[in-house]
Structures are given as C-alpha cells and as structure tokens.
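J.:
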Amino acid sequence: MKRTQSDQFLRPEGEGPRSQYGALCWRMHRGRVEVLLITSRDTGRWVIPKGWPIEGKNPAQSAAQEAWEEAGVRGAGRDEALGLYAYDKTRKTKDALPCVVAVYPLRVEALAAQFPERSERRRRWFSAERAARLVAEPELRMILSGLAGDPSPLTEQA
C-alpha cells in the first residue's frame, strides 16, 4: 500500500485515535465547486462519506468505497489527501471513540439512484462555503472554507 503524507499522523487501533478515510465528493457547477454532503445515520448532521480502512484497498480507494456505499457516488479520486480532521464517533454504548479522518478528493462522475445506504441517509449538493458552515468539525470546516477561496487543490489535479 502506498503511504501518503497524511498516513504518518494515523495510528493503528489501540494506540490513540482510530484511522478513517473520507471522500470529499465534488463537482464543478456553473463555474463553482460544489460539495456533496450526506446526513449521518444517528444524528442527521451533515458529514462527508467516511469509514474504516478496507483490507486490500489504499486510503483513497477506501474513501471511494465509502462514497459509493453511503452516497451512491462513482468518480475519479486521487491518492493525495487534502487534509485531516478529528471527531468523536458516538457508539451505541454511548461512549465516544476518537477518530482522525484523512480526506481524499473524489470528483463525482455519476450518482446512483440505488446504493447500499440509500434508505438511511440524505444527500445534497452545497457550495463549498455553505458546506463549511454546515459541518460540525472545525478542521473539516477549514478544508471546505479553503476550497471555497481556492479550488485549485481540486481542479488542477483532477
């Protein structure tokens, strides 16, 4: 597995925060970057698709798989993370599990009407500015705000 710069900050299970990989699903619409957000299953808050590492897949591929399962996205991704954010995953036991998410860009090429978690989530396009105001995690908010001001990290390499 190719290690990216962000992997040095992620730790294996049992040694601090758990690693997750997220997909920042995006498109160009009327000359502006739009970001696809989905609702979380438990609280209904706006989030990006994310999940645990998947055996046999690199981080960007794991993020793309989560984008398919949670949002019905098919697209073109990159192996370089845009950044990291931390959050506490709430569990059924009510305790919080600290997680660090490496965010990988995924240019949306198709949105499926049917996908595994369709009945559990809503999905919606937002401008990067609006998406930044809707997410709860400060570091994710910063990533989105940065893209609103300068989308080149997405558009120059996609």
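Reading the sequence shown from the start, the letters are residues 0 to 157 in numbering that gives the first Met the number 0.
We put the beta carbon where it would ideally sit given N, CA and C, even for glycine.
On a predicted model such as this, the values are computed, not experimentally measured, just so you know.
Going by CA-CA distance only, name the one from E155, L83, L143 that's closest to F125.
T.: Start at 1 with the first residue of the sequence shown, and residue 125 comes out as number 126. The residue with the shortest Cα to Cα distance from F125 is L143.
J.: Please report the distance separating the alpha-carbon of H28 from that of V102.
T.: As a working mapping, residue 28 is identified with position 29 in the sequence shown. As a working mapping, residue 102 is identified with position 103 in the sequence shown. Rounded to the nearest angstrom, the two C-alpha atoms are 21 Å apart.
J.: Would you mind sorting R90 into buried or exposed? The rule is 16 or more other CB atoms within 10 Å of its CB.
T.: Counting from one through the sequence shown, the residue named residue 90 turns up at place 91. Its Cβ having fewer than 16 others within 10 Å, R90 is exposed.
J.: Taking buried to mean at least 16 other C-beta atoms within 10 Å of its own C-beta, is L96 buried or exposed?
T.: Here residue 96 corresponds to residue number 97 of the sequence shown, with the count starting at 1. By the neighbour-count rule (16 or more Cβ atoms within 10 Å), L96 is not buried but exposed.
J.: Please confirm whether R120 and E69 have their CB atoms less than 8 Å apart.
T.: Reading the sequence shown from its first residue, position 121 is the one you call residue 120. Reading the sequence shown from its first residue, position 70 is the one you call residue 69. Yes, these two residues count as a Cβ contact at 8 Å.
J.: For E108, which of helix, strand or coil comes out of DSSP?
T.: Position 109 of the sequence shown, counted from the start, is the residue given in the question as residue 108. If DSSP states are grouped into helix, strand and coil, E108 belongs with the strands.
J.: Can you tell me whether P137 is buried or exposed, with buried defined as 16 or more other CB within 10 angstroms of its CB?
T.: Start at 1 with the first residue of the sequence shown, and residue 137 comes out as number 138. Classification of P137: exposed, given that the 10 Å Cβ count is below 16.
J.: I'd like the span of the beta strand (DSSP E) that includes Q233, first residue to last.
T.: Outside the shown range of the chain, which is 0 to 157, sits residue 233, and nothing can be said about it.
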